[in-house]
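**Student:** For the sequence shown, the numbering used here begins at 271 and goes up steadily by one. For every residue, glycine included, the Cβ atom is placed at its ideal position computed from N, Cα and C. This structure is in structure tokens; I'll ask about it shortly.
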Amino acid sequence: MRSIRTRIAVTFIAISVLVIALLGVLLSYEIERYFFDRLLSGLRTETNVIHSLLQDWTVRGESRDNVEKDLTVMSLAARMRITLIDSSGVVVYDSSVPDSLLGGLENHSQRPEVVEARQKGTGSNVRTSKSINQDLVYVAQKVAVPSAAVFRNLQFVRVSVELTEVNRVMYEIRFKIVVGSIVILLVVLMASRIVSRRLTSSLTEIAEMVKEIKAGNLDQKLPVRSNDEIGRLAELINEMTDKLKADIEQLKKLERVRSEFLGNVSHELRTPIFSLKGFLETLLEGALDDAAVNRRFVEKAYHHANRLDILLTDLIEISRIESGEMKMSFRYVDAVSILKNLIADFSDAAAKRKQNLLIDAPDHDVLVLGDKDRLRQALGNLVDNAIKYSPEGATTTVRLMESERSVTISIADSGPGIESVHLPRIFERFYRVDKTRSRDVGGTGLGLAIVKHIIEAHSSKISVTSEVGKGTTFAFDLNK
């Protein structure tokens with residue numbers, strides 16, 4: 271019973287046996303009752319016929335001998351026993367008993383069918399006849415005949431037939447029901463084997479596929495042969511396999527990114543830490559008392575410590591963004607006001623590098639949906655990069671252009687530009703176009719990655735266009 275195929279077959283057979291047995295019993299009972307009712311109805315008809323004949327014979331003045339002969343012929347022809355009983359219960363005629371023996375018969379007044387006929391006009395009963403020692407079905411009818419009848423005081427006409435014929439017919443019916451049940455069981459057995467084989471073959475195939483998946487083989491596909499639950503299960507396993515493959519690829523990619531990230535972080539941290547240690551060791555070894563170098567070394571140590579602080583701050587920031595810990599607070603804010611404040615914040619930095627920092631925006635308020643602080647952070651990173659990487663005399667323009675349902679914000683500089691080979695990767699963490707120059711100006715390699723995440727959190731996408739020697743433009747859209 272551990273096999274599903276065996277369970278299905280046994281279940282089918284058990285249910286079939288139960289149903290067929292119940293149906294067989296009910297059918298046999300109903301047929302027997304129907305047959306018996308028909309038999310009783312036929313016997314009642316016979317009693318009516320005999321009653322009519324007796325009345326007719328009386329009118330015609332037939333002799334008793336002739337009447338008894340006719341009744342005997344009827345009895346033999348119809349294979350039934352005819353009994354005539356007077357009002358006191360005495361048998362005056364019986365087709366199965368000679369006249370000479372009638373006097374020895376018991377009084378029939380208390381026979382069940384006679385009692386019922388006396389009360390209701392007709393009665394019936396099934397029992398073993400004491401007179402002839404056979405199982406009979408009796409039907410008695412109360413009759414009224416003229417006083418000049420052949421059989422004086424006649425009150426009941428009773429007919430009966432042997433149950434042998436009835437039992438023979440019922441035996442044949444029951445035999446046919448049993449044979450039919452056996453045939454049905456054989457058909458059910460064959461059908462259950464076919465159905466169970468189809469079901470279990472599909473399940474076995476699925477089990478083998480799952481075993482392969484468990485072993486790490488994700489390249490196989492289950493054939494979907496039906497639209498039922500098993501077919502749907504095969505589809506789901508195929509979908510699960512595809513998802514597992516994608517997840518594994520994603521995990522491998524994440525592992526590569528993690529390794530690269532750890533390598534980059536280690537490298538980025540090592541440089542300022544190594545420099546800090548060098549300056550501090552120099553100071554501890556005697557330069558601390560040298561007025562010509564001590565202040566310069568302390569300033570350099572502070573510069574590297576500040577760079578380390580900025581790097582760690584950016585690492586924490588991008589970690590919070592990527593983990594979802596940093597929640598955005600979306601409200602309708604004035605984009606023009608954000609840009610004007612941005613220009614004011616970076617005007618001194620641009621002036622120190624003798625650069626121009628311009629704004630091109632409408633004079634009226636332009637409301638956009640976004641997080642004011644995060645937009646300010648992203649725009650600040652872009653403007654800071656434009657100032658840091660552009661030469662003296664360069665111009666950085668912050669522009670806002672309106673359309674019906676959105677605005678486009680762009681930051682364009684006239685710096686050295688970026689070669690096209692670098693453009694697809696500049697938003698990756700720690701990716702630098704010019705590593706030496708990036709460190710010289712204090713870049714951490716995370717600024718553009720942070721910008722990308724913030725803009726994507728606003729359901730937008732940042733784009734970059736650049737031409738070497740002419741400058742670079744970053745742009746993104748916001749919903750009004």
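#1: Throw me the rounded Cβ distance for the G741 and S684 pair, which I believe falls under 8 Å.
#2: So what does DSSP say about R699, is it helix, strand or coil?
#3: In angstroms with no decimal places, state the Cα-to-Cα distance between L550 and V721.
#4: In the stretch 563-617, which residue ranges form an unbroken beta strand (DSSP E) of at least 3 residues, counting only runs that do not cross its ends?
#5: Taking buried to mean at least 16 other C-beta atoms within 10 Å of its own C-beta, is T474 buried or exposed?
#6: Do three or more CB pairs link the stretch 380-392 to the stretch 291-310 at distances below 8 Å?
#7: Quick check: the Cα distance between D633 and G663, rounded to an integer number of angstroms?
#8: Provide the residue span of the beta strand (DSSP E) that contains D630, from first to last.
#9: Please state whether the Cβ-Cβ distance between S462 and A279 is less than 8 Å.
#10: Report the three-state DSSP secondary structure of T296 (helix, strand or coil).
#11: Let me know if F744 comes out buried or exposed under the rule of 16 or more other beta-carbons within 10 Å of its beta-carbon.
#12: Let me check understanding here. Comparing Cα to Cα, which of N395, E505, V287 lies closest to V453?
#13: Assuming S345 is part of the alpha helix (DSSP H), what are its boundary residues?
#14: Give, in chain order, every unbroken run of the beta strand (DSSP E) that is at least 3 residues long and sits entirely within the stretch 392-430.
#15: Tell me the rounded alpha-carbon separation between L459 and T511.
#16: Determine, using beta-carbon pairs with one atom in the stretch 595-602 and one in the stretch 632-651, whether at least three such pairs fall under 8 Å.
#17: If you draw a straight line from the C-alpha of Q404 to the C-alpha of Q389, how long is it?
#18: Quick check on the DSSP output: the beta strand (DSSP E) that includes L672 runs from which residue to which?
#19: Tell me, please, whether the stretch 620-632 touches the stretch 696-705 by the rule of three or more beta-carbon pairs shorter than 8 Å.
#20: Under the DSSP definition of a beta bridge, which residues are partnered with V361?
#21: Could you say which of S357, S345, G359, A387 lies nearest to V367 if we only look at CA atoms?
#22: Taking all protein chains shown into account, do 16 or more other C-beta atoms lie within 10 angstroms of the C-beta of N651, making it buried, or fewer, making it exposed?
#23: Could you check if I724 is buried or exposed, using at least 16 other CB atoms within 10 Å of its CB as the buried criterion?
#24: At which residues does the alpha helix (DSSP H) containing N651 begin and terminate?
#25: By DSSP, does L716 sit in helix, in strand, or in coil?
#26: So who's on the other strand from L637, going by DSSP bridges?
#27: To the nearest whole angstrom, what separates the beta carbons of A410 and F426, a pair I think is in contact under 8 Å?
#28: Pull up the distance between the alpha-carbon of F544 and that of K658, whole angstroms please.
#29: Under 8 Å, do S736 and L693 count as touching if we go by C-beta distance?
#30: Inspect the beta-carbon positions of R351 and L406 and report whether they are closer than 8 Å.
#31: Between which two residues does the alpha helix (DSSP H) containing V384 stretch?
#32: Give me the DSSP bridge partner(s) of D747.
#33: Return helix, strand or coil for E737, following the three-state DSSP convention.
#34: To the nearest angstrom, report how far apart V337 and W327 are at their CA atoms.
#35: Quick one: using the 10 Å Cβ neighbour count with 16 as the cut-off for buried, is V233 buried or exposed?
#36: Run through DSSP, which three-state label would D751 get?
**Tutor:** For this structure:
#1: S684 and G741 do touch by the CB rule: their CB atoms are close to 4 Å apart, below 8 Å.
#2: Three-state result, R699: coil.
#3: L550 and V721: Cα-Cα distance of roughly 35 Å.
#4: Entirely contained in the stretch 563-617, the beta strand (DSSP E) runs reaching 3 residues are, in chain order, 601-604.
#5: The residue is exposed, with fewer than 16 neighbouring Cβ atoms inside 10 Å.
#6: No, the stretch 380-392 is not in contact with the stretch 291-310.
#7: Distance between the alpha carbons of D633 and G663: 27 Å.
#8: For D630, the uninterrupted beta strand (DSSP E) run begins and ends at 626-630, by DSSP.
#9: The Cβ atoms of S462 and A279 lie closer than 8 Å to each other.
#10: The question names Thr, yet the displayed sequence has Leu at residue 296. Three-state result, L296: helix.
#11: Under this definition F744 is a buried residue.
#12: Nearest of N395, E505, V287 to V453, Cα basis: V287.
#13: Counting along the chain, the alpha helix (DSSP H) containing S345 begins and ends at 334-348.
#14: Counting whole runs of 3 or more residues, the stretch 392-430 contains the beta strand (DSSP E) stretches 392-398, 405-412.
#15: Rounded to whole angstroms, the gap between the alpha carbons of L459 and T511 is 37 Å.
#16: Between the stretch 595-602 and the stretch 632-651 there are three or more inter-stretch CB-CB distances shorter than 8 Å, so the stretches are counted as touching.
#17: For Q404 and Q389, the distance between alpha carbons rounds to 26 Å.
#18: In the sequence on display, residue 672 carries Glu and not Leu. Its beta strand (DSSP E) spans residues 665-672.
#19: Result no; under three Cβ-Cβ pairs closer than 8 Å.
#20: Residue pairing from DSSP places V361 in a beta bridge opposite I355.
#21: Nearest C-alpha to V367: S345.
#22: Label assigned to N651: buried.
#23: Counting Cβ neighbours within 10 Å, I724 comes out buried, since at least 16 surround it.
#24: 642-659 is the span of the alpha helix (DSSP H), which, as asked, contains N651.
#25: Of the three classes helix, strand and coil, the one that applies to L716 here is coil, per DSSP.
#26: Within the DSSP bridge table, the entry for L637 names D604 as partners.
#27: 5 Å between Cβ atoms; contact.
#28: Whole-angstrom Cα-Cα distance: 24 Å.
#29: In contact: S736 and L693 (Cβ atoms closer than 8 Å).
#30: Between R351 and L406, the CB-CB gap stays under 8 Å.
#31: Its alpha helix (DSSP H) spans residues 382-390.
#32: Answer is T678, bridged to D747.
#33: In the three-state reduction of the DSSP assignment, E737 falls in the strand class.
#34: Going by the C-alpha atoms only, they are around 7 Å apart.
#35: Absent from the model: residue 233. The displayed extent of the chain is 271 to 750, so no value can be given.
#36: With the chain covering only 271 through 750, there is no way to say anything about residue 751.
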